[in-house]
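In my numbering, the protein residues as written are 4 to 122.
The C-beta atom is built at its ideal place from N, Cα and C for all residues, glycine as well.
Keep in mind the model is a prediction, meaning the values are calculated, not measured.
Here is the structure we will look at.
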């Protein structure tokens, strides 16, 4: 049980650090705060609402992992290294893919809401 408690406090520490210093994380938290009420009006079902919010949470999770990769790479070396560049670029690509997922899920939900047709 102590491991779970320690893990919780480690997670809270990471959340506070990212919320205080990482612009992308701050923007995605704002997106989540906007998505919570907007998703209620956009979705046509509870499942749809969960999918809309889940997509934004997925984006935030990938951003957290990307930030962790960047921090680990920077701790190893701040000098240019092609392997470190690839690791950072892959993390960035993962965030971009997550953005496309969010845009697609929300776009489909909006089309479904506007047209009234299930997609």
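Contact under 7 Å by Cβ, residue 59 with residue 105: Translated into the one-based positions of the chain shown, residue 59 becomes position 56. Translated into the one-based positions of the chain shown, residue 105 becomes position 102. Between residue 59 and residue 105, the gap from beta carbon to beta carbon is short of 7 Å.
contact_flag[the segment 47-65, the segment 76-88] where n(CB pairs < 8 Å) is 3 or more: no
Coil, strand or helix - residue 6 by DSSP: Sequence index remark: in the chain shown, residue 6 carries index 3 (1-based). Of the three classes helix, strand and coil, the one that applies to residue 6 here is helix, per DSSP.
The alpha helix (DSSP H) enclosing residue 40, as first and last residue numbers: The count along the chain shown starts at 1 and reaches residue 40 at position 37. Per DSSP, residue 40 belongs to the alpha helix (DSSP H) from 26-45.
When 69, 116, 11 and 117 are compared against residue 96, the one with the closest alpha-carbon: For the purposes of this step, residue 96 is taken as the residue at position 93 of the chain shown. That would be 69, whose Cα lies nearest to the Cα of residue 96.
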